[in-house]
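Trainee:
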Amino acid sequence: MRISKTLQSKGRIAAVVAAFAVVGVAAGCGSDSSSSTTPAKVDTAAPAETTAAVADVKGKKVVLVSCFDQNPWCKIYNHTIIDGLKAAGVDVTYLEDGFDPNVQVQNLKQAIAAKPDAVLVVASDDNSIVPAVTQAKAAGVPIFNLNGRAADGSIPNLTSSILANQKQLGQYAAENLIEGIKAEGKTGGNLIAITGTAGTNTAKDRMEAFNEVLAKNPTFKLVATEDGSWDQVKSAKIAQQLFAKYANQGGIQGAYGMADYMAAGIIQSAKQANLPLGVKNKGLIVTGSNCFKVGIDAIKAGEQYGTATQAPSVEGEFVFPLIIDFLAGKKIEALNQKEEGRVTADTLGEFGEVCSLA
Amino acid sequence: MTEVQQSPRQGRRARALGIMPVLLLVAMVVMFFVIPALKGTSPTDFNVYNAFQDWSALSLLALALGITVIAGEFDLSVLAMYSLGAMVAVQTGTSSPVLGVVLAVAAAGLIGLVQGLIVAKLRINSMTVTLGGYLTVLGLVNIIGGNASVPYKNVNVGISLDDPILSFFSIRSLITIAIFAIVFLVLRYTVLGRNLRAMGGERRATRIAGVRADPLLVGCFVASAMLAALGGSLLGYSLATAIPDLGFGPLIFAITAVLLGGVALAGGRGSALGIAAGAFTLALLNELFGLMATPDYISDLITGGLLFIVTIISAPDLFGWWRSVRAAKVTTPEQEPVALEKS
Amino acid sequence: MKLQVQTLVKSYGPVAALRGVSLELRDGEVHALCGHNGAGKSTLVKILSGVEQPDEGVLEINGEPISFRNPLDAQAAGIALVDQELSLVPQLTVAENIDLGRAGASFITRPGRARPRVKQLLGRVGLGHISPSTPVELLSIGERQLVEIARGLGREAGLLILDEPTATLSDTEIAFVFNAVRDVAAEGASIVFVSHRLGEVLSLCNVVTVLRDGELVATKPIAEVDRPTLIEMMVGSVVDADTSELRPSSGKIVTVSSLQVPPRVTGVDLQLEGGQIMGIAGQVGCGASEVLRALGGLVPQAAGDVSIAGKKVRINTPRGALASGVSYISGDRKGDGLFLNRSVSDNLIATRLGDLSQAGIMQPRAAARTAKELAEVAGIDPSRLRSAVVELSGGNQQKVFLGRCLDRKGTELLILDEPTRGVDVGGRAEIHNLIRRAAAAGHAVIFASTELTEILDLSDIIVTMFGGQVVSTRQRSEVTAASALAEITHRDSDAKAVA
Amino acid sequence: MSTPDSTAIRPLAAIYTGSRRQLIGRAVAGVLIAFFIFGAVTTDSFTSIQNIRAILVATGFVGIVAVGMTVIMLSGNLFSLSLGTTVSVGAITFLWALKLGLVPAILITLGVGTAACAVQGLVIGAIGANPIIVTIGAGALQAGVAAWLTDGSSIFPPAGDKSFDFMTSTPLGIAFPVYVLVVLVIICELVMRRTRFGKEVYLVGENRQAATAAGLRVTLIITGAFAIAGACAALAGMLLGAFNQNATLLVGGTFTFDAIAAALVGGSAVTGGRGSVTRALFGALIIAAISDMLLLRGYSTGIQIMVKGLLVLFVVVIVQLNAREDRA
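Chains as they are written, first to last, in my numbering: chain A, 1 to 358; chain B, 1 to 343; chain C, 1 to 499; chain D, 1 to 328.
1. Is the shortest distance between the beta-carbon of Ala107/B and the beta-carbons of chain D less than 7 angstroms?
2. Mind pulling the chain C residues with CB within less than 7 angstroms of Glu202/B?
3. For a quick check, are the C-beta atoms of Tyr261/A and Gln232/A less than 7 angstroms apart?
4. Using the C-alpha atoms, what's the distance from Thr351/C back to Ala481/C?
5. With distances taken from CA atoms, which of Asn97/C, Lys372/C, Ile488/C is nearest Ala209/B?
6. From the DSSP output, which residues share a beta bridge with Ser357/C?
7. Are the C-beta atoms of Lys199/D and some chain C residue less than 7 angstroms apart?
8. Alpha carbons only, please: which of Glu60/C, Gly104/C, Leu198/C is nearest the one belonging to Ala167/C?
9. When the distance is taken between beta carbons, is Thr92/B closer than 7 angstroms to Leu110/B?
10. Give every residue of the same chain whose Cβ lies closer than 6 angstroms to the Cβ of Ala64/B, excluding the five residues on either side of it in the sequence, and list them in chain order.
11. Pull up the distance between the alpha-carbon of Trp322/B and that of Thr172/C, whole angstroms please.
12. Within the chosen definition, does the region 186–198 of chain D reach the region 294–306 of chain C through at least 3 CB pairs nearer than 8 angstroms?
13. Hey, does Thr271/D have any beta-carbon neighbour from chain B nearer than 7 angstroms?
14. Please return the same chain residues whose Cβ sits closer than 8 angstroms to the Cβ of Leu250/D, not counting the five positions on each side in sequence.
15. Per the DSSP calculation, Gln337/A is bridged to which residue(s)?
16. Just by C-beta distance, which residues in the region 104–131 of chain D are closer than 8 angstroms to chain B?
17. I'd like to check one pair, Ser75/D with Val183/D: are the Cβ atoms closer than 7 angstroms?
18. Can you check which of these residues, Ser140/C, Pro111/C, Lys41/C, is closest to Asp163/C by C-alpha distance?
19. Give me the chain A residues within the contact set of Ala58/D, using Cβ-Cβ distance strictly less than 7 angstroms, ordered along the chain.
20. His31/C: buried (16+ other C-beta within 10 angstroms of its C-beta) or exposed?
21. Does Gly30/A have its Cβ less than 7 angstroms from a Cβ in chain D?
22. Which residue marks the beginning of the beta strand (DSSP E) containing Arg342/C, and which one marks its end?
23. Between the beta-carbon of Gly279/C and the beta-carbon of Ser459/C, is there less than 7 angstroms?
24. Pop quiz: Arg155/C and Ala80/C are said to be a contact at Cβ under 8 angstroms. What is the actual Cβ separation, rounded to whole angstroms?
25. Under 8 angstroms between beta-carbons, which chain B residues line up against Leu402/C? List them in chain order, please.
26. Check distances from the C-beta atoms of the region 103–123 of chain C to those of chain B and list, in chain order, the residues that come in under 9 angstroms.
27. Excluding the 5 residues preceding and the 5 following Gly30/A in the sequence, name in chain order all residues of the same chain whose CB lies nearer than 6 angstroms to its CB.
28. For Gln271/C, name the three-state secondary structure that DSSP assigns.
29. List, from N- to C-terminal side, the beta strand (DSSP E) runs of 3 residues or more that fit wholly inside the region 149–176 of chain C.
30. Could you tell me whether the Cβ of Leu138/C comes closer than 7 angstroms to any Cβ of chain B?
31. When the cut-off is 7 angstroms and only beta carbons count, does Ala315/B lie next to chain D?
32. Return helix, strand or coil for Ser33/A, following the three-state DSSP convention.
33. I need the DSSP call for Asn207/D, collapsed to helix, strand or coil.
34. Say whether the region 18–36 of chain B touches the region 173–185 of chain B, bearing in mind that this needs 3 or more beta-carbon pairs closer than 8 angstroms, one atom from each stretch.
35. Can you find a C-beta in chain D that's less than 7 angstroms from the C-beta of Trp321/B?
36. Report the residue from Ile296/A, Glu179/A, Leu214/A whose alpha carbon sits nearest the alpha carbon of Gly349/A.
Shown next, in the form of structure tokens:
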């Protein structure tokens, strides 16, 4: 046994501070590396109609406040916009918030304070950005609401909304189910819907349109709407429980998973429950939206009847030309909605590729 | 019982760690100005204001967690209380924002009371009880909100709460500062604060000395719930929204802030001022991330690395381990020096 | 304040700690409470201060019966306790600790206003040089003890109980404490002074009450007793019978030289041979526990040399100690020792899992056999092998603990701290036999005990310790109960007079 | 303290209160069980074969993670707050590594999960760092590294790779992960009961201080316990990746807290040393059954979460009331 010279407490503190400093430098470097990698992607050719405006927008500043790259949909969507704007010479800053509304508002205020030529925000919660948008209006910073819900006045003071047509997505889902079930030779059936986070406007809008279609087809009945929280595993679990619940009440003929990966969960649980799938087997008809690769693969395999677009790259490509127009001084509409596409086995040729990115 | 008393040397070591929050804050402030400069930008008044805003959104949550840690417990339910505060305030405070806050704080306090009683009377590990409490309250918040975020009709309240005052502050951050001041004074200059620290430090001795520990413990959980709910309700007003599930981001911020603020996980050490400093260090870091537009994964790595380093440095057995590593290097016992000459 | 205690009875399970003790405490009187370990002093003190409640018996203050539910009740009735264990919160300052739990303290703490009072209290115990705002964790153990005494003084109680207040103090510090106690008594309070140190009792107290085995031996004015009578009263009928030959040595010599265990133990040297039993006698705080913990590898900052059969061994860690053939049985059975909710069998084989497994897989038959053998050796009913240890009596728990360390391959040195703490009479004899058996098997055994009977019963070599230092090392035949008691209760100079 | 051992044999009064506590505990447990049976009988199609299958599937993934969580708990280190992230990392690693072949992919995935958690265990075991903070920090680090390496993209299995289809099969109508869970529980139970390592996990969890004093390999044991948890999480991630046919960092979502809840509802003591992995299986099963019942009866997500929380509270209280020793 011996008394060894021990690391003194001063050493400990010095270590913390040193570590902290390293960490800080890493923060700086991190942003450094990200900005140095992006120019490499510039070679994506800017769409033709915007080239005229390029000269006018060079050096303009845009801040994109959006969800994070850890979400594949967000990643493609955001980077499509960023790359498009950069190709036109716009200076883009990208602030990630990881769907945390508090962080998002902090970032949004940060963006507004920098007085850029435009702020683009993908709201993680529609309500929570309202005060910040009001401030932006007062500060004269134009704000664009991307992707969220139809402009029903829930977010006042916006410069413009550039949105996916959520209602169309819901409508297509219902149409897909009805078409698929009819293709099996049935005249009606029980439907279930497993939604994205319940209560969000995206989920509400889509289900509203979904129900509108059903109202015109009274033989089809939506027996259950459950919250799948944009979670594949949870959706699968719920689906299997619902299959069990309705097994002796006529079964389930059609299921809507609000995103393709949720539809994939439904398909998996149908397999687990040994239910037949697809028109060919006269089984369960499943549809999705947001067109992910899993959905396209499932359509190819005949397990999923269809989906609808809101492909991130397509949505992104819809956004940035409008922003460039705006920066170039053109007036743009208060509401710009992307026409969505309905995807089934028949239209795979048209959408298969763009839908296989995420 | 052969209770090994902590030696003065260990005491000095532990106290020396107490200045860590200050050093970290200073280091952070320096970095806040130096790093952007390296990249050719510089932080503005607004960045400082925004850091204060971030601080006021989350520091009360850190304080709520922190006081239970000082008392030698750990309240995981603060996260749900935070959401509960926003939900109740937003739904009841349309006509009178103050009433909304009062109701929110009272509701949370009531649940905190139940948790505190379970912990104190049944002597159950507080982390388990508050985990159950976390899930229960989270469910409750979802029920109240109808599983959706709820807009606050009185948007102007949020806007005026966040209006810049003296360039750096806002009513919200000033309220938060005031709450911190009150809690600081209570912890520092009243019997309650002293007893709380005593209880976290050495519960047996505290009881022997004649302190009634159980009511104090229950009170601690009530206060924790109330502080979290207050923070949540202010955030709810500011965002003009109550969001039922905020994810774990806020909790991770709070735990990190408490640690960086010099609160010992073993209890008995820490102050409101330290927690405020720890939270501000983190708020500045977040603002720096924003200013530099640091990609999310880098901030993840930095936060995770920081937590790892701080835990390792404040780990109780670090020295013992270090010694045994050193000792292991001495291969043959004969080489060991005889520490003392024979008496 | 006049406090009367009538026929108090208190048992902990089968162990009767107090069997009908009556006592009367008067104003202005310093009343010594003496008795050897297990006499019931601590239990009495705990009842008086509200920490424990009696099974039977009454407390009366000025003729009124009173009962305390907790320490606060006792404090409200004017009783203050300076606990034998340190009861300060290290993280708080001296002033905060002195004020902690004081009934009637104002809600708002004003360090500035309290300062003169705290300063004065510190001055009374000789800590005038210490600032009230010093955190207690920066003080030495002795200083902490003084702060605790200052806290007791500051309660301005009608009855101040000091439980072994001087165990960790130096002579000058003790002098300060004595003066303070005399002052308080002169102001009219009554004092209970619990101590093993007879010199202190004789020089400080007015009245002495001696307890033995939970019973009252006598209460006498100090003028009527002297050191030998007190020792006789305390020791009672300890038979100095067994002064037989030294046990045969196995020839393996165990030496411990210049063992230093901060902060109290400085330079302890021990030497014994395999097959012999060394008993370290000493009171609480004498340093024996620290020595044993260090030998068990539990105190990494300890320094010194240990060799077994001429080979130096490294015992920085418990694993190192075990690997070097040192088995340590802590006095803290629940903390450092047993796995209370595991079965007897699991506890018995806990330290030899490596031998009972092949390629990491337990050999259930071998394990069951070993557990059964150990249970038989240790005298545990084999039908209880599956019971959780927590369901056993203290004696049986201790046997399990001991059984775990018996017959371990490669064990050369067995170390036991207070092997029979909290064990009833029947269990003690069995445990003593186990220790003898271990010695007969050739192990060197070192044990520490605050109970003289145990030391005298078991040891071949008796080491007495006081204040972190060894007083004497002698063969059993050279020691009597009285001489040993004298050595562990006095400073050197006093002890010689008795021996 | 020199008090004689007060737990040796309880004085009469203590026995009385002890048994009363236990009585209350049993009464509460009884009421809960009765409530559950009532619900089971009165809920439409709850007892149908198909629904029971659905419950089993819901038990599968969470159960596997809960087994790992329980091992951490048994070792006396509370719980990990980042096993869910390890699940995601496992799913990503597995689908990415499939291009190297099925067996290498399985081995790599298990290796990555095990290593990620073993490092945490090492820090916790060697220097006594707080498990909650270490696991939170490790979670952020894992997420950061994974996001950096994958660049945020979804990971898909190589096109047309059918080698892992058996993971999504349903032998005898029951999902594959359920079999994996049962086998895992049997293996872990054997490891915990029949090996030296398992014995030591219980001992270290029961009393780390005593284990140190008794010379047990504390650092190794805690590292091992976390390694097992990591392997379980990686296993769940692997099955999840196969099930989902794609993987992102988000798939692990709710697993951390679901697994903790399952382990607690199983009745293992959060303070360590008491409980078993089999109990985790039952905990996961009970939670799945109750969630299913609530869903079938049409209750909202909020109520499902709340009931889960109340269940955790009740079980924790019952376990404490039945504890043999008052650990005050």
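Every residue, glycine too, gets a C-beta built ideally from N, C-alpha and C.
Mentor: For this structure:
1. For the purposes of this step, residue 107/B is identified with residue 107 of the second sequence, where counting begins at 1. No, Ala107/B does not count as interfacial toward chain D.
2. If you number the second sequence from 1, residue 202/B lands on position 202. Chain C residues near Glu202/B: Val89, Pro90.
3. Working through the first sequence from its first residue, we reach residue 261/A at position 261. Working through the first sequence from its first residue, we reach residue 232/A at position 232. Yes; because the gap between Cβ atoms is below 7 angstroms, this pair is in contact.
4. As a first step, residue 481/C must be located in the third sequence, where it is residue number 481. As a first step, residue 351/C must be located in the third sequence, where it is residue number 351. Ala481/C and Thr351/C have their alpha carbons spaced roughly 36 angstroms apart.
5. Reading the second sequence from its first residue, position 209 is the one you call residue 209/B. It is Asn97/C whose Cα lies nearest to the Cα of Ala209/B.
6. Along the third sequence, one-based indexing puts residue 357/C at 357. Ser357/C is bridged to Met362/C.
7. One-based indexing of the fourth sequence puts residue 199/D at position 199. Yes, contact with chain C.
8. Counted from its first residue, the third sequence places residue 167/C at position 167. Considering only alpha carbons, the answer is Leu198/C.
9. In the second sequence, the residue the question calls residue 110/B occupies position 110. In the second sequence, the residue the question calls residue 92/B occupies position 92. No.
10. Counted from its first residue, the second sequence places residue 64/B at position 64. Same-chain partners within the cutoff: Val78, Ser224, Leu227, Ala228.
11. For the purposes of this step, residue 322/B is taken as residue 322 along the second sequence, with counting starting at 1. For the purposes of this step, residue 172/C is taken as residue 172 along the third sequence, with counting starting at 1. In a straight line, the C-alpha of Trp322/B is about 38 angstroms away from that of Thr172/C.
12. By the C-beta criterion, the region 186–198 of chain D is judged not to be in contact with the region 294–306 of chain C, since fewer than 3 inter-stretch pairs fall below 8 angstroms.
13. As a working note, residue 271/D is residue 271 in the fourth sequence. Yes, Thr271/D counts as interfacial toward chain B.
14. Position 250 of the fourth sequence, counting from 1, holds the residue named residue 250/D. If we look at Leu250/D and ignore the five residues flanking it on each side, its Cβ neighbours are Ser88.
15. Here residue 337/A is taken as the residue at index 337 of the first sequence, counted from 1. Per DSSP, Leu163/A.
16. Going along the region 104–131 of chain D in chain order, one finds Val123, Ala126, Ile127, Gly128, Ala129, Asn130 with a Cβ nearer than 8 angstroms to chain B.
17. The residue given as residue 183/D occupies position 183 in the fourth sequence. The residue given as residue 75/D occupies position 75 in the fourth sequence. Cβ atoms of Val183/D and Ser75/D: not closer than 7 angstroms.
18. Mapped onto the third sequence, residue 163/C falls at position 163. Of the candidates Ser140/C, Pro111/C, Lys41/C, Lys41/C places its Cα closest to the Cα of Asp163/C.
19. Position 58 of the fourth sequence, counting from 1, holds the residue named residue 58/D. The answer, in chain order, is Lys237.
20. Counting from one through the third sequence, the residue named residue 31/C turns up at place 31. Buried is the call here.
21. As a first step, residue 30/A is located in the first sequence; it is residue number 30 there, counting from the start. Confidence at Gly30/A is low in this model, with a pLDDT of 46, below 50, so its placement is unreliable and no value can be given for it.
22. In the third sequence, counting from the first residue as 1, residue 342/C sits at position 342. First-last for Arg342/C: undefined, no H or E at that position.
23. Walking along the third sequence from the start, residue 279/C turns up at place 279. Walking along the third sequence from the start, residue 459/C turns up at place 459. Closer than 7 angstroms, so yes.
24. Taking the first residue of the third sequence as position 1, residue 155/C is located at position 155. Taking the first residue of the third sequence as position 1, residue 80/C is located at position 80. Yes, they are in contact, since the Cβ atoms of Arg155/C and Ala80/C sit about 4 angstroms apart, within 8 angstroms.
25. Here residue 402/C is taken as the residue at index 402 of the third sequence, counted from 1. What Leu402/C touches in chain B: nothing, since even the nearest Cβ is about 17 angstroms away.
26. Those residues of the region 103–123 of chain C that come within reach of chain B (Cβ to Cβ, closer than 9 angstroms) are Ala103, Ala105, Ser106, Phe107, Ile108, Thr109, Arg110, Pro111.
27. Position 30 of the first sequence, counted from the start, is the residue given in the question as residue 30/A. Below a pLDDT of 50, predicted positions are generally treated as unreliable, and Gly30/A, at 46, falls in that range; the measurement from the model is reported next regardless. So no residue of the chain qualifies.
28. The residue you call residue 271/C lines up with position 271 of the third sequence. In the three-state reduction of the DSSP assignment, Gln271/C falls in the strand class.
29. You should have 159–163.
30. Here residue 138/C corresponds to residue number 138 of the third sequence, with the count starting at 1. Yes, its Cβ sits closer than 7 angstroms to a Cβ of chain B.
31. Translated into the one-based positions of the second sequence, residue 315/B becomes position 315. Chain D contact via Cβ: present.
32. In the first sequence, the residue the question calls residue 33/A occupies position 33. Any reading at Ser33/A must be qualified, since the residue scores a pLDDT of 40, below 50, and its modelled position is unreliable; the value itself is stated next. DSSP, reduced to helix, strand and coil, places Ser33/A within a helical segment of the structure shown.
33. Here residue 207/D corresponds to residue number 207 of the fourth sequence, with the count starting at 1. Three-state result, Asn207/D: coil.
34. No, the region 18–36 of chain B is not in contact with the region 173–185 of chain B.
35. By 1-based counting over the second sequence, the position of residue 321/B is 321. Taking Cβ atoms only, chain D reaches closer than 7 angstroms to Trp321/B, which makes this a yes.
36. Translated into the one-based positions of the first sequence, residue 349/A becomes position 349. Out of Ile296/A, Glu179/A, Leu214/A, the CA that lies nearest to the CA of Gly349/A is found in Ile296/A.
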